[in-house]
Amino acid sequence: MFTLLLILIPVLTGILTLSFGGRNARLLALLGAVAELAVALVVWMQFDPVGGQQFGFKYDWIKSAGVTLGASIDGISMLLVLLTTFLTPLIVLSTFGHEYRNAPTFYSLILFMEAALVGVFTATDAFLFYLFFEAALIPVYFLSALWGGENRLKVTFKFFIYTIFGSLFMLVAFVYLYFQTPGTHTSEIAAFYNLQLDPAVQGWVFWGLFIAFAIKMPIFPFHTWQPDTYTESPTPATMLLAGIMLKMGVYGLIRLLLPIAPMALEDWGAVAIVLSVIGIVYGSIIAIKQRDMKRLVAYSSFAHVGLMSAGVFSTTLNGLQGALIQMLAHGINVVGMFFIVEIIFSRTRTRNLDQLGGITKNTPQLTVYFMILLLGSVALPLTNAFVGEFLLLAGVYQYNGWLGAVAGLTIILGAVYMLRLFQRSMFGPRTEVAEHFADLSLSERAVLIPLVAMVFWIGIYPSTFLSLTEPTVSQLLRFING
Amino acid sequence: MSASLLILIPLLPLIGFLINGIGFRRVPKGAVGVIGSLAALGSFAVSVAVLSAFKAAGSQPQVVSLFDWITVGNLNIPFSFQIDQLSLLMLMIVTGVGSLIHIYSIGYMKHDEGFGKFFAFLNLFLFFMLLLVMGSNYVIMFIGWEGVGLCSYLLIGFWNTNTNYNNAARKAFIMNRIGDLGFLLGIFTIIATFGSVEYTDVFRQAAGLSVGDPVVVTITLLLFVGAMGKSAQIPLFTWLPDAMAGPTPVSALIHAATMVTAGIYMVIRSNVLYSLAPFTLEVVAIVGIATVLLAASIGLLQNDIKKVLAYSTVSQLGYMFVALGVMAYSASMFHVITHAFFKALLFLGAGSVIHAMSDEQDIRSMGGLRKKLPITFLTFLIGTIAIAGIPPFAGFFSKDEILAHAYEHNKLLWALGVLGSLMTSFYMFRLLFLTFFGQFRGTHEQEHHLHESPASMTIPLVILAIFSAVGGFMGVPEVLGGTHQLAEFMSPLYDGARQVNPEAFAATTLSHSEEFMLMGISVAAALIAAIAAYVMYVSRSSVPAPDTAERSSLERLVYNKYYIDELYSGVFVKPISALSNLLYSFGEFFIDLIVLGTGRLVKALSGQLRKMQTGSVGYYIFAMVVGIVAILFWNLLIR
C-alpha cells in the first residue's frame, strides 16, 4: 500500500498547493515533496532487495478485460523512486531564489509530475504504465510552454509531437501484446514476459518500444527535440526532464523491452547499441564548441544517456547495474549542473561563455560545489559517475571490445567540454558581468549540499545502491538468457 | 603490522587537505604550512615505521582490506592496500621527498594569496599518490592515477586568472585522460581474462599463460598507453613542458619526483604480465629511447630554466622505460629513486633562482648568480653532476646500470642511450653555466633584489643534495665491489616473473672488463659534454640568441620542439573543433529533417489541429484529444 501512498501524496499536496497555495505555494510544495521523500525513505528502510515486488496494490480497472490498476516496488523501482523523491524537493528548493508568476500552478505541476513519475516507475500494468508515461508529459509541457524562454512555443511543440509520436508506437505494441495474452486477456506486464512470441514478431515489438523510449531518453538520431527543449525550458522543468524524466526511457528498456522481446536483441540489439554509442561521441563532440552553458550541459546529458542505453543493450550484469547506478548519479549531477548554470545566469543575466570569466575570484563556495559536480560529471574515481561509467564501459567492452573503446571516448571528450565549461566561466580574467558576483545564498547551499553529499556517497560506498538492485537485475538477466 | 597504522599513511594528508581546504581563508596563515607539512611528515614517519615492521616480520607481502568497494556478480573490487617491497619504496619517495617539498613551499609560496589552497592541493595530491602506490588492485591504482591527474590539473592552473596557465592545465588533464582510457581498457581486458583485478589473483593466474600470449600482449600494451600519458612518453609527452606553468614546488613534486613515475611503478607492479609479453617490452624500449633522444635534443636549445628541466624529466623518464623494456625492473626503480632526489633538487634550486630573480625564468637574463646564491649554486651543482652521470654521484650508478642492461639487450639501444647521456650532460651544464657563471645579464632592479633564499627553502636543498651525492650507494654493482642492496631488496617482486620466463632473468653475461669499458665510455661522454659546455658558455661566454634571431632550418626545427604541438593542433584539435561546428550546424539540421520527415503523418495531423486552436491552451486540448482517442481506442478494442 505504500506504493499507492507514494503516488497519492504528490497528487494531494499538488491539489492543495493549487487551491490554497497563494503566496506560500512554494513552501507548501516543498512540504509535500519532503513528505513524499520521508515516505520513500521509510519504504527503503523496510525494503528487502531479494523480496521481489513489494508494498504493492492492485485493483480491477476494467475487470472483464483483465485491465488492472496495479503498482508495486522491486529493486529497480526502489532505486528510481529514491531518485525521484530525492530530487523533487531539491528542484522545488532550487526555485526559491526566483519569483515565478502564477506560483500555485507552477508548483502544483511539479508535484503532479512527481506523482506521474513515481507511477511510471512502479506500475505493474502495461496500460497504467502508458497512462503515467503520458501523464508525466503534460505537467512538464506546461512548465516549458508557460514559463520557458523566447522560443518556448515552437520548441515545446516539437518536443510534444516527438514524444506523442513515440508513445503511439508503444501503445500499439501494448495493444498487440494484450491480445496475445491467453484466456480473457490481461495487461499485466508480468504476463507480457511469458508470451513466448515469434522472433519476427518480437522484432516489431522491439522497434515499437525502442522508438518510444529512444525518443524519451533520447538516443541518436531521435534527439533533436532535446537540446532545444532543455535550453528553452525554465530550469526547474529542465531539471525534471534531464534529472528524472529521461530515466523513464532507460527504465522502459529494462522493464519492458528486454524481457518482452529478448530474442529480438540478437537481431537488433547491435543496431541499438551502435546508435547509442554514436550518440555518445556525437553529443560529446557537439558539446565541445557550445557557447550557451545550458545547451552544453544538454548535449552532455545526451551523450551520457547514450552510454546508459549502450550498457542496457549489452545485456550484461555490469552494463545493467552500471546503467541503474548511473541513472542515480546522472540525475544528481545533471540537476546540480543545471542549477549551477541557473545560479550564474541569475546573477549575470547571461549563459554565454564568451561573456563570462573569472567568477571564481569572489566565490570560493560556488567554485568548490561546481568543481565537485564537474568531477562527478567527468567520472573521476570516488565520485558517483565513476562507478556507473566503469561498470557501463565494462559491460559494453564485454559485449564488444571495439565498441567499448569507442564508448570510452566519453572519458576524454567529457573532460574536454566540461573543463572548457569550467574554465571559461570560472577562471581567466574577470569580465564585467562577474564584477559583483555574490557567493551562494543559504537556499542555494541547501540544494547543493545534499547533491554533493550524494556524489561522494555513491562514489565511495556504491554498495548501498548496487546491492539494492542486483537481485532484481540478476533475475531479469536469467530470464532473458534462459 | 596493523591495518590502522597503514590507513594513517594516506589518511593524514587527507585530513590535512580537509583542514586547509574547508578552512580555506579561515585557518591562520602561519598554521596552514605547519598543518600541511606535518601531515606529510607524519605520513613519512608512519611509512618508516611500516617499513621497519615489514622487514622485522620477514618481508612478507601483506594485503589489508578495508571494505568492499564495487561488487557486481562475481566481480569484487575491494578497497584494500598491499604492502610489499615496491609499495614501500614508493612510499618512502613520495612521503620523504614530499615532506621536503612541503617545507620548501612554506618559504616559496609565503607571499601568495592562495597559500592555504596550495597546501590543501599538495596534501590532496599526496593522498591520491599514496592510494596509487598502496592499492592492492588495478582499480585502486586507477583512483590514485586519476586523482593525481586532478591535483596536477588544479596545481598547474593554480594561478587561474592566466588563460595560458589554464590551457596548460586543461591540456595536461586531457592528455592524461587519453592515456587513462588505455589503462581502463587494460583493466577491462584483465577482468575479462582473469575475473579479478586484485594483483595477487591476476598474477597467480597469469603464471598459467605462455610467453607471448596475445591476451597478455593486449593487456600490457593497453596499460602502457596509460603509462605513456602519465609518464609523458611519446606521443603523449607535450603536456609536461607546459605543466611548468604551475608553481615550482609543484613541478618538483608532481612533475619530476613522484606522479610522472607512476607509469614506471605500474609496469614494475605488473612485471609478471610484462615478462610474458616480449613484443610489448620491445615497444616500451623503443618508445623509451625515442623519448630520451627527442626530449634531450629539445632540451639543448631551451632558454627557460624550468623548460630545460622539464624536457630533462621527459628524457630521464625515457631511460626508465628503456630499462623496463629490457626487463631491468630494479634498475628502472633505482633510477626512479635517484631521479627523485636530483630532479627534485634541481627544480627546487631553479625555484630558489626564480625566487631571487623576481620571477624571471629566462637563463639569458641570468648569469653570475653563484656569488649571490651560494647554497643554491652548490646544491644545483651537485644535482647537475648527479644527473650527468659522473661518479660517484647518484645518477651515475642508476644510469650506468640501465645502459649496461641495454647493452646486453641490443648494442644500438646502448649507443643511443650514451648519445642521450651526452646530450643530458651538455644541456645541464649549459644551464648551470648560463645561470651561475659569467656576468649578470638581467636588469638593475633584479640585480638589486638578488638574495639567497630563506632556511625553509635551503634546508630541503641541502638534504636533497646529500641524497643526490650518496644515494647511488644503495645500488653499487658487483663489479665495483658492492652488493646492490636495492636489487636484493626488490628481488622477491619478480618471483612470479622468474617462474614464467626464467630465461629473461638469467645472470649477466658481461665480463668485468666489458662492464668497466661501458662505464668508461658513458663517463667520458658526460665529461666531454660538460667540457664542451664550459668552453662555450664560460670560456667564450656566449649567450643563446634571442628568440627573434635567424636560425638554420635544423636549429629552428629543434628550437620549435619539432613543431609537435602544431602538428597535434592541426591533426586533432582543429579538425575536432571543425567537426563540432559542422555537426551542430548541419548534422542536427539534417537529422531533424529526416526524423521529422518520417513522422510527417503526425506532423500533418498536428498542423491541422493547430489551426483549430489558438493560444497556448491549444496544445493542452491537443493532448486531451490524443488522450481521448487513445482511451477510445482501448475501449473499442476491449469491448
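Chains A and B, in that order, give the protein sequences. My numbering puts the first residue of the first sequence at 1, with every later residue one more than the last. My numbering puts the first residue of the second sequence at 483, with every later residue one more than the last. Here a beta-carbon is modelled for each residue, glycine too, at the ideal position from N, C-alpha and C.
Residues of chain A whose Cβ lies closer than 8 angstroms to the Cβ of Arg507/B are, in chain order, Pro364. For Ile867/B, the closest alpha carbon among the candidates Phe949/B, Leu932/B, Gly800/B is that of Phe949/B. Scanning its chain for C-beta atoms nearer than 7 angstroms, with the 5 sequence neighbours on each side dropped, one finds around Thr363/A the residues Phe437, Asp439, in chain order.
Using beta-carbon distances, Phe655/B counts as an interface residue toward chain A, with a partner under 8 angstroms. Inside the segment 625-703 of chain B, DSSP marks whole alpha helix (DSSP H) runs of 4 or more residues at positions 645-676, 681-688, from first to last along the chain. Against chain B, the beta carbon of Asn318/A has neighbours under 8 angstroms at Val554, Gly555, Leu557, listed in chain order. In this structure, Asn619/B places its C-beta atom within 8 angstroms of the C-beta atom of Val679/B.
Its chain contains Lys158, Phe159, Tyr162 as the residues whose beta carbon lies nearer than 6 angstroms to that of Trp225/A, once the 5 sequence neighbours on both sides are disregarded; these appear in chain order. At a beta-carbon threshold of 7 angstroms, the residues of chain A lying near Tyr1066/B are Ile286, Lys289, ordered along the chain.
For Asn1042/B, the three-state secondary structure derived from DSSP is coil. Scanning the segment 913-941 of chain B for uninterrupted alpha helix (DSSP H) segments of 4 residues or longer gives 926-931, listed from N- to C-terminal end. Listed along the chain, the chain A residues whose CB falls inside 7 angstroms of the CB of Arg751/B amount to none; the nearest CB is some 18 angstroms away. Lys653/B sits buried, since 16 or more C-beta atoms from the chains shown fall within 10 Å of its C-beta. Looking at the backbone, the Cα of Leu758/B and that of Ala739/B are separated by about 29 angstroms.
Between Met611/B and Gln564/B, the C-beta spacing is not below 8 angstroms. Leu246/A is a Cβ neighbour of Val305/A, given a cutoff of 8 angstroms.
Our two residues, Pro199/A and Gln398/A, have alpha carbons roughly 25 angstroms apart in a direct line. Put simply, of Leu366/A, Ile458/A, Ala415/A the residue whose alpha carbon is nearest the alpha carbon of Ala446/A is Leu366/A. Proximity of the segment 879-896 of chain B to the segment 844-855 of chain B falls short of the contact definition, fewer than three beta-carbon pairs being nearer than 8 angstroms. For the pair Thr410/A and Ser284/A, the CB atoms are nearer than the 8 angstroms cut-off. If you ignore the 5 residues before and after Ile588/B, its C-beta comes within less than 7 angstroms of the C-beta of Gly515, Ser519, Ser938, all in its own chain and listed in chain order. Phe624, Ile625, Gly626, Trp627, Glu628, Gly629, Gly631, Leu632, Tyr635, Leu636, Gly639: these are the residues of the segment 624-640 of chain B whose beta carbon lies less than 9 angstroms from some beta carbon of chain A, given in chain order. DSSP, reduced to helix, strand and coil, places Glu188/A within a strand of the structure shown. Residue state for Gly376/A is assigned as helix, using DSSP reduced to three classes. In this structure Tyr1019/B is buried. Its beta-carbon is surrounded by 16 or more other beta-carbon atoms within 10 angstroms. Arg424/A is a Cβ neighbour of Gly357/A, given a cutoff of 8 angstroms. In the DSSP assignment, the residues bridged to Asn558/B are Thr553/B.
Between Leu1000/B and Leu827/B, the C-beta gap is not smaller than 8 angstroms, which leaves the two residues out of contact.
In the DSSP assignment, Gln564/B forms a beta bridge with Val545/B. Per DSSP, the continuous alpha helix (DSSP H) segment holding Thr105/A begins and ends at 103-122. Looking at the backbone, the Cα of Val81/A and that of Phe213/A are separated by about 19 angstroms.
Residue-level contact by beta carbon holds for Glu1070/B and chain A, with a gap shorter than 8 angstroms. When the beta-carbon positions are compared, Leu496/B and Val532/B stay at least 8 angstroms from each other.
Taking a Cβ-Cβ threshold of 8 angstroms, none of the residues of chain B is close to Tyr399/A; the smallest such distance is about 11 angstroms.
Residue pairing by DSSP places Tyr59/A opposite Leu69/A in a beta bridge. Taking CB atoms only, Gln326/A has no neighbour in chain B less than 8 angstroms away.
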